[in-house]
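The opening residue of the sequence shown carries number 1 in full-length UniProt numbering; numbering runs sequentially from there.
For glycine and all other residues, C-beta sits at the position ideal for the given N, C-alpha and C.
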Amino acid sequence: MKRGNSKKKVRSESVMEDNASSDEEEEDRFTIINERPVDDISVNFFYKPHTISLLLLSVVGISVIAFSRDENMDSRSNIWVGLLNTFVFFMMISVLSFPHGPFTRPHPILWRMVFGVSVIYLLIIQFLIQQDYNTVRGVIIWFDPKMANYSIDKEKEYGAQCWDISMEKLWAHLDWFAFGHYWGWGMKALIIRHYGICWSISIMWELTEMAFGHLLPNFYECWWDNIILDVLICNGLGIFTGMTVCRWLEMREYHWESFKEIRTTKGKVKRVLLQFTPESWSSIRWMDPSCSKMRVVFVTQFMLIWQTVELNTFFLKHIFPMPVEHPICVIRILMFGLIAAPATRQYYMYMTDTQVKRLGTQTWVFLCICLSELILNIKFGLDLFSQTQISKIGLWLLMVVLTSALGTLFSMKISKWRHQSKQTRIHNGAKDQLVERTKSD
């Protein structure tokens, strides 16, 4: 009996050790996506904690601002300074305590601040959800009094007289929005790094514009604007440019010299500038030849989330009337561009790495922002959504799901075909080498 008990005890201890090592491995994998260690530290000073120095500087800064300003001048300026002071302190807390995610270039501090900005924005959305419409409009007007008289009807119409085609009309449509399409899709390609997913999202967005045109009049566009200017030229060139940059970065060899080892001033300046480039660039494989059906679900879900983020942009500026070039809209778009990079990377790792059992913090906050904005739009856009043509939205949902699923399946087939072709070439090359050796012998 004692011998049997000792064997059971040994087995139990072995199982506990295996579980502990498995938990440690999972924690290590999560750390890589949530707070990746910095491998190439060139100047130690910039990577050491300076918490006491930061505390002293912040106290001095508060004192100078508090005692040098005249609070009796303007209550509006007092509120502005108070908000700015709160923002700066929240950024300090972000730098000290928030995770920087999967990226370390140019410095983890940047990505901690990006995450901090996303948290602030999420909290603002939570606050606005609990207000009434007039209060939210009042907040926007307080920030920009010009918006008090702005009407959404002043926006440019794109879908008029579609068969009256001329060079002047085509040129008129190549405004800064066209460049925005090109630049935006170049950035999206750098983030997503997959032709099939990018093209699927691009086509899906044109279907989305057609489906929601009865709610958002500026979604109505001419057929040649949708198909030729948007999908093929602006989006297509943007995707091609972004993917070309990705391929170049993948093929590039990365060798980082320490700042201390560089002797020339020119070399040091070059090394500082290179700090703003990626440390490395790994190949992304959304579609693996051996991936499961759940991968299709994850990728389809990813594309639907992307559509929701884009839709939120247009509904927000329509429900709370603002021009698309308004600073609030521009800052929001730039913010989403920054937070989408680490969030997408974390989502990709969660989807492809079996050792990663939970979402990264950036992905969690990104999804929460997306859904919170959707709730905000629905709450304050009930009058607008009461005009919804259910048949169009139902057809849109069907088309979006089908486009996402078919695009994902097609990309998977292409991935499997490429993998098989590569294996065949390797096999044939090995066979040819064997034949040549046999002949030479």
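> When DSSP builds the beta bridges, which residues end up paired with GLY186?
Replying inline: The partner list for GLY186 (beta bridge, DSSP) is empty, contrary to what the question assumes.
>> With H, G and I counted as helix, E and B as strand and the rest as coil, what does DSSP make of GLY360?
In response: coil
> Can you tell me whether DSSP reads GLU168 as helix, strand or coil?
Replying inline: helix
> Out of GLU373, TYR195, THR344, VAL324, which has the shortest C-alpha to C-alpha gap to TYR150?
Replying inline: VAL324
> Among the residues of its own chain, which have a CB less than 7 Å from the CB of HIS255, if the five just before and after it don't count?
Replying inline: The pLDDT assigned to HIS255 is 47, lower than 50, so where the model puts this residue is not dependable, and the model offers no usable value.
> In terms of DSSP beta bridges, what is GLU101 paired with?
Replying inline: Sequence check: residue 101 is Gly here, not Glu. Paired residues: GLU35.
> Ordered along the chain, which non-local residues of its own chain (more than five positions away) have a Cβ less than 8 Å from that of TRP205?
Replying inline: GLN307, GLU310
> What number of angstroms, rounded off, separates the C-alpha of PHE115 from the C-alpha of GLY180?
Replying inline: 24 Å
>> Just to check my reading of the structure: LEU89 and SER58 have Cβ atoms closer than 8 Å, yes? What is that Cβ distance to the nearest angstrom?
In response: The amino acid at residue 89 is misidentified as Leu; the sequence shows Phe. Right, their Cβ atoms sit about 7 Å apart.
> Is it right to say GLU168 is buried, meaning 16 or more other beta carbons lie within 10 angstroms of its own, or is it exposed?
Replying inline: exposed
> With 16 as the cutoff for other CB atoms within 10 Å, does SER94 come out buried or exposed?
Replying inline: buried
>> Could you compute how far the alpha carbon of ARG358 sits from the alpha carbon of ARG76?
In response: 44 Å
> To the nearest angstrom, how far is it from the Cα of TRP223 to the Cα of LEU232?
Replying inline: 12 Å
> Measuring CB to CB, does THR403 end up less than 8 Å from VAL296?
Replying inline: no
> Roughly how many angstroms lie between the CA atoms of THR424 and TRP417, to the nearest whole one?
Replying inline: 10 Å
> Got a sec, what are the start and stop residues for the alpha helix (DSSP H) TRP199 sits in?
Replying inline: 195-211
>> For the structure I just gave you, are there three or more beta carbon pairs, one from the stretch 388-406 and one from the stretch 126-138, closer than 8 Å?
In response: no
>> Does the stretch 317-331 come into contact with the stretch 339-351, if we say contact requires no fewer than three beta-carbon pairs (one atom in each stretch) closer than 8 Å?
In response: no
>> I need the straight-line Cα distance from ASN377 to ASN312, nearest angstrom please.
In response: 7 Å
>> Please return the same chain residues whose Cβ sits closer than 8 Å to the Cβ of PRO321, not counting the five positions on each side in sequence.
In response: MET147, TYR150, SER151, ILE152
> Count the other CB atoms within 10 Å of the CB of GLN355; is the residue buried (16 or more) or exposed (fewer)?
Replying inline: exposed
> Is DSSP giving residue 448 helix, strand or coil here?
Replying inline: The chain is shown only over 1 to 441; residue 448 falls outside these bounds and no answer can be derived.
> Roughly how many angstroms lie between the CA atoms of LEU54 and GLY184, to the nearest whole one?
Replying inline: 36 Å
> Would the C-beta of ASN235 count as close to the ligand GDP, meaning under 7 Å from any of its heavy atoms?
Replying inline: With respect to the ligand GDP, the structure shown offers nothing to examine, as it has no ligands at all.
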